[in-house]
Amino acid sequence: MSLSEFFSRLFRSGGPGSAPTARSFAPSAPRQSSAAPPRIHRVQPAYEPITPITPPGLTTPSMPRYRGRNICDWDDTVVSLKRTGDLEGALTIATGCMKAMQNAALRNPDNAMEHYVIEVCKIQHKMHSYDAEISTIEAWLGLNITAPREDQRLNLRKRLAKARECSAREHGLDPSPHKEEWHAFVEQEKAAKRAEQERTSSQQSMNSGAMSTSQRRPSLIPSMDELMLPEFVAVDFETANNLDASACQIALVKFSTGNPVERLATLIKPPRGLDKFQFTYIHGITSSDVRNAPMWPDVAPYAASFVGNRPVYAHNASFDSRVWRSLDSFFGTATFPQQFFCSYRLSRRLIPGLPDYKLPTVVSACAPQFRLNHHEASSDAEACGRIVAAIQCSPVLRKRLDSR
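All residue numbers in the sequence shown are consecutive under my numbering, ending with 468.
Here is the structure:
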């Protein structure tokens with residue numbers, strides 16, 4: 065039996081409510097900039113696409129696209145091609161993503177994401193195309209776009225020095241000036257990383273210290289009774305950087321008897337000192353986008369009211385629960401849900417045979433008609449909820465949980 069046939073049989077009717085695999089939603093409509101507090105929007109429980117809703121807060125910026133996909137969604141493909149040795153194929157896609165980013169950055173410098181330039185350079189260097197690597201970096205720097213991240217700009221300058229050194233050797237020239245320059249950039253990069261690690265460790269220690277032992281849940285997998293509660297909420301956070309309290313977007317989607325019925329989604333302005341945007345290349349959110357967004361104390365009471373006493377799920381809940389706790393700790397709020405579970409761990413335990421358990425893979429198996437806009441918080445949260453709803457509706461999967 066093929067994997068697709070297996071899942072087709074696995075998710076037949078037999079659980080509460082309608083099977084959640086037949087519904088998909090159109091993407092949210094653009095919103096006007098506003099710092100108004102979040103409002104809850106009811107979703108019509110229909111099987112055909114509904115009229116796009118307008119969540120609160122500010123609109124999430126559009127990620128540049130290549131071949132009809134967000135450029136961040138090509139990362140796994142590029143990695144896979146590199147792993148199998150298809151460097152030409154990887155370079156073609158990476159270059160396309162880089163050019164899409166460059167065009168967006170020329171329209172608005174806030175869209176600059178040097179991650180995509182670095183990825184092209186890595187492949188060119190591995191192919192020993194040093195002159196091409198030099199041209200790539202010089203062309204990008206020649207656009208005179210302000211560095212969005214100093215660490216990535218430093219990385220590019222280090223790569224440029226190394227490529228010039230290799231090119232000089234290749235052409236029989238003296239490489240020593242470029243080698244010295246490369247060593248200088250290596251030392252600068254090490255110093256910058258040490259400073260960043262110290263800052264991160266200090267912040268994470270503060271957050272960890274504020275978390276009591278009773279707050280640490282030993283398991284993120286629900287019991288059968290907890291799983292089968294008719295209502296639950298799925299959540300997804302996006303963060304500005306690797307500091308947990310740097311949340312810049314939250315989405316909450318409420319499910320009832322297998323169907324999404326309400327959602328709350330908004331951008332969040334990170335607190336001063338934690339507002340360095342390093343993950344724009346993943347979710348497309350910049351500091352400009354959150355300038356007028358509400359901060360967590362403004363969002364927290366609405367989030368708490370939205371959740372109520374319902375269990376909350378996230379895909380990789382160890383991350384999202386940590387972000388939520390850190391926000392509460394930093395701002396002195398008390399909104400962390402009493403029950404917090406993980407659809408990633410749940411699916412790993414109950415659905416064997418998937419190539420991986422990343423959100424796109426699992427939701428594709430559990431809800432194949434749902435169109436995921438990965439790293440857009442509202443879409444990610446709904447995808448998580450659809451996974452849980454599909455498990456609720458599958459007698460086979462419920463039996464597996466009950467037997468463990």
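Yeah, the Cβ is synthetic: ideal placement off N, Cα and C, and Gly gets one too.
Sorting Arg213, Cys448, Leu145, Ile285 by C-alpha distance to the C-alpha of Ala176 places Arg213 at the top.
Partner residues in the beta bridge of Ala311, as assigned by DSSP, are Thr303.
In the structure shown, Asn134 adopts extended strand secondary structure according to DSSP, grouped into three states.
Looking at the DSSP output, Arg228 sits in no beta bridge, so it has no partner there.
For Lys340 against Met359, the beta-carbon gap comes to about 16 Å, at or over 8 Å, which does not count as contact. Within the region 382-455, the runs of alpha helix (DSSP H) at least 4 residues long that lie entirely inside it are, in chain order, 407-414, 423-430. For Ala368 and Leu410, the gap between their C-alpha atoms comes out near 24 Å. Val354 is a Cβ neighbour of Cys312, given a cutoff of 8 Å. By the neighbour-count criterion, in which 16 or more other beta carbons inside 10 Å mark a residue as buried, Pro241 falls on the exposed side.
When Ala454, Leu207, Leu205, Tyr194 are compared, the shortest CA-CA separation from Asn323 is found for Ala454.
With respect to the C-alpha of Leu291, the residue from Leu414, Trp246, Glu244 having the closest C-alpha is Leu414. A direct Cα-to-Cα measurement between Asn306 and Arg258 gives close to 15 Å. The Cβ-Cβ distance between Ala154 and Ile187 falls below 8 Å. In its chain, beyond the 5 residues on either side, Tyr421 have a beta carbon closer than 8 Å to the beta carbon of Arg412. If you ignore the 5 residues before and after Leu207, its C-beta comes within less than 8 Å of the C-beta of Gln166, Ala169, Leu170, all in its own chain and listed in chain order. Under the criterion of beta carbons closer than 8 Å, Val427 and Val297 do not qualify as touching, at roughly 17 Å.
The DSSP-derived three-state label of Arg462 is helix.
Between Cys185 and Arg223 the beta-carbon gap is near 5 Å, inside 8 Å, which marks them as a contact. Within the same chain, and ignoring the five residues on either side of Ile209 in sequence, the residues whose Cβ sits closer than 7 Å to its Cβ are Ala169, Pro173, Ala176. Partner residues in the beta bridge of Tyr377, as assigned by DSSP, are Ala298, Phe405. In the structure shown, the three-state DSSP call for Glu251 is helix. Residue pairing of Lys163 in beta bridges, as defined by DSSP: absent, with no partner found.
Per DSSP, Ala368 is one residue of the alpha helix (DSSP H) stretching across 360-371. The Cβ atoms of Ala309 and Phe394 lie closer than 8 Å to each other.
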